[in-house]
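Count along the sequence shown from 1, then add 1412; that gives the number in the numbering used here. Even for Gly, the Cβ is constructed at its ideal location relative to N, Cα and C. Treat the numbers as computed from the prediction; the structure is a model and nothing was measured.
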Amino acid sequence: MTAEVAKKLIIAESNQCVSCGLCLPHCPTYRVMKSEADSPRGRIALMDGVARGQIPLNEKFIQHMNLCLTCRACEAVCPNHVSYGELIDQAKVLIVDSDSSRNSEKNSIKRIFLNRLTRLQPVDLECLRPLFRFLQNTGLLRWLLRFDRFKKNNLIKSIAQLPSIKFPYATAIDTNVSSMANHWQEVYPAEGQVRGHVGLFLGCIARIADVATLNSSIFVLNRLGYTVHVPLRQTCCGALYQHRGELRQAATLAQQNKSSFEELEVDWIISTASGCGVQLLESGVGNENCQVIDINQFLVTAKGWEGITIASLPQKILVHDPCSLRNVVAGHAYAYQIISLIPDAQAIPLAGNDQCCGAAGTYFIEHSAVADILRESKISAALNGESSYLVTSNIGCALYIADGLYEKDARIEVLHPVTLLARQMGLQL
Ligand code: SF4
Ligand code: SF4
1413 MTAEVAKKLI IAESNQCVSC GLCLPHCPTY RVMKSEADSP RGRIALMDGV ARGQIPLNEK
1473 FIQHMNLCLT CRACEAVCPN HVSYGELIDQ AKVLIVDSDS SRNSEKNSIK RIFLNRLTRL
1533 QPVDLECLRP LFRFLQNTGL LRWLLRFDRF KKNNLIKSIA QLPSIKFPYA TAIDTNVSSM
1593 ANHWQEVYPA EGQVRGHVGL FLGCIARIAD VATLNSSIFV LNRLGYTVHV PLRQTCCGAL
1653 YQHRGELRQA ATLAQQNKSS FEELEVDWII STASGCGVQL LESGVGNENC QVIDINQFLV
1713 TAKGWEGITI ASLPQKILVH DPCSLRNVVA GHAYAYQIIS LIPDAQAIPL AGNDQCCGAA
1773 GTYFIEHSAV ADILRESKIS AALNGESSYL VTSNIGCALY IADGLYEKDA RIEVLHPVTL
1833 LARQMGLQL
């Protein structure tokens, strides 16, 4: 994608914006910054001006674009259906292409570190699992957080507060945690009558930090009669590249994922992290014979529930709606339906679900001041929710919210709805 193509796309799409301002009250950064330049309408006007060469692409422009969470709440409410997600991605292409960006990147150690982090291959991340487990078990990172220098570092805080690191199943359909390994099997066979074959997308962060959800998904799918295939050539979904304007790299990753799932004879590609799922969908992984689907939606519509025993959980369960599910694919209702499968469990929407939690990929590391303000309202809502559980279907949101709750010493467990369901079905996590 060249800058010239990006400019043309921006000019065409921003032409659809009638400046009505209906999106403004829904924009988290506008609510925090109270400035037009940090609203969707303002950003669209700035992009249009830069694309037409009427205003310079300078540090100020980069700052306003980078402060956008790409939560797409504006897109979901826009009466003119302006594709804001496409616009902000194209604006990032212009930024990546610009001199100002190159200069500011040179000066940012945090940026260099993030560049390295996002360029790690998933298989490298797999190798880090034992290291993270060691750091977690020895409490080294938590010890570091006692020093003022590290206390405010959201990256170190998040790694320190990773949920208990789990290992993938080594054998199919086994509730015994001792049968785990540091690698994924390519096939986890269905139990009993086979109802279908599905592919499982592992993700990058999830394969380290949220193995519990991946194991839980395999467990539930196997129990329902679905054989789960895990292609080992699959890679990162590419969302972090896409939202940084590196569209070519994102497309390369999408192609690798596409070909690794196409080699299998599966009917569905299942994603357990909604942010990755949306990226897979929008980057064309999957086709009419093998569609990408979120695990919640798949399970709610799956057959085979008759005869499955699910233990009662007479508790209120707070449900956080990730932006990717709520604003992009309107699939947030399925998480509530997963909870309703658990006898006596009561799904309650977390207050303020229409606003982003601030995690937004690497946003919480790069713009921690704004992110922390946004998260604060989630933490207050959770504390007022009088529940011991908060479920969310996106690992990024889960980690960031869990970190905020930990800081408040709140005894609220944050987990994926399918992890809770699997636990009630007998999986020992
Ligand atoms: S993006 Fe849509 S809702 Fe926002 S100002 Fe433009 S037309 Fe109105
Ligand atoms: S994507 Fe989110 S943060 Fe960005 S302009 Fe739209 S509502 Fe605001």
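Query, Result
"For Val1589, which residues from the same chain have a beta carbon less than 7 Å from its beta carbon, with the 5 sequence-adjacent residues on both sides left out?", "For Val1589, the pLDDT reaches just 45, beneath the cut-off of 50, and the residue's location in the model is therefore unreliable, although a value from the coordinates is still provided. Cβ neighbours of Val1589 beyond the five flanking positions: Gln1840."
"Beta-carbon within less than 7 Å of Ile1422's beta-carbon, same chain only, minus the 5 sequence neighbours each way: which residues are those?", "Met1459, Asp1460, Ala1463, Leu1499, Gln1502, Ala1503"
"Less than 8 Å between C-beta atoms, sequence neighbours within five positions excluded: which residues of the same chain meet that for Lys1820?", "Ile1791, Leu1795"
"What whole-angstrom Cβ distance do Ser1789 and Pro1734 have, given they're in contact under 8 Å?", "Incorrect: roughly 15 Å between the Cβ atoms, too far for contact."
"If contact is defined by three or more beta carbon pairs under 8 Å, each pair taking one atom from either stretch, is the region 1670 to 1687 in contact with the region 1632 to 1643?", "yes"
"Using the Cα positions of Val1826 and Tyr1818, report the straight-line distance between them to the nearest angstrom.", "10 Å"
"My parser needs the alpha helix (DSSP H) runs of 4 or more residues fully inside the region 1605 to 1656; what are they?", "1618 to 1621, 1623 to 1636, 1651 to 1654"
"At the level of alpha carbons, what is the spacing between Asn1627 and Pro1580?", "6 Å"
"Since Pro1491 is in the alpha helix (DSSP H), which residue starts that stretch and which ends it?", "Run containing Pro1491: none; DSSP gives neither H nor E here."
"May I ask you to verify whether the region 1765 to 1773 touches the region 1731 to 1746, counting CB pairs closer than 8 Å and requiring at least 3?", "yes"
"Could one say the Cβ of Cys1480 lies closer than 9 Å to chain D's Cβ atoms, at least one of them?", "In the structure shown, chain D cannot be found, because there is only a single protein chain."
"For Ile1623 and Lys1420, I'd like the C-alpha separation in whole angstroms.", "Correcting the residue type first, residue 1623 is Val in the shown sequence and not Ile. Whole-angstrom Cα-Cα distance: 42 Å."
"At a cut of 8 Å, does the region 1433 to 1440 reach the region 1463 to 1475 through at least three beta carbon pairs?", "no"
"When every heavy atom of ligand 2 is checked, does at least one fall within less than 8 Å of the C-beta of Ile1500?", "yes"
"Measuring only the C-alpha atoms, how far is Phe1546 from Thr1414?", "44 Å"
"Compute the Euclidean distance between the alpha carbons of His1828 and Ser1686, then round it to the nearest angstrom.", "11 Å"
"Which whole runs of the alpha helix (DSSP H) in the region 1753 to 1781 are 4 residues long or more, in chain order?", "1775 to 1778"
"Distance, Cα to Cα, Arg1619 vs Asn1701?", "26 Å"
"Given that a residue counts as buried once 16 or more other Cβ atoms are within 10 Å of its Cβ, and exposed if not, what is Ser1671?", "exposed"
"Between Ile1707 and the rest of its own chain, which residues show a CB-CB distance below 6 Å, the 5 nearest in sequence each way excluded?", "Ser1629, Ile1682, Thr1684, Val1830"
"By how many angstroms is the C-alpha of Ala1834 removed from the C-alpha of Gly1797?", "23 Å"
"Beta-carbon distances below 7 Å to any heavy atom of ligand 2 define the shell here; list its residues in chain order, please.", "Cys1435, His1438, Cys1439, Pro1440, Thr1441, Tyr1442, Ser1451, Pro1452, Arg1455, Cys1480, Leu1481, Thr1482, Cys1483, Arg1484, Ala1485, Cys1486, Glu1487, Tyr1496, Ile1500, Cys1768"
"Fully enclosed by the region 1663 to 1701, which beta strand (DSSP E) runs are 3 residues long or longer?", "1680 to 1683"
"For Asn1669, count neighbouring Cβ atoms within 10 angstroms of its own Cβ and tell me buried if that reaches 16, exposed if not.", "buried"
"Checking 9 Å against the spacing of the C-beta atoms, do Leu1557 and Ile1617 come in under that value?", "no"
"Indicate whether Ile1807 and Thr1625 have their beta-carbon atoms separated by less than 9 Å.", "yes"
"According to DSSP, simplified to helix, strand and coil, what is His1438?", "helix"
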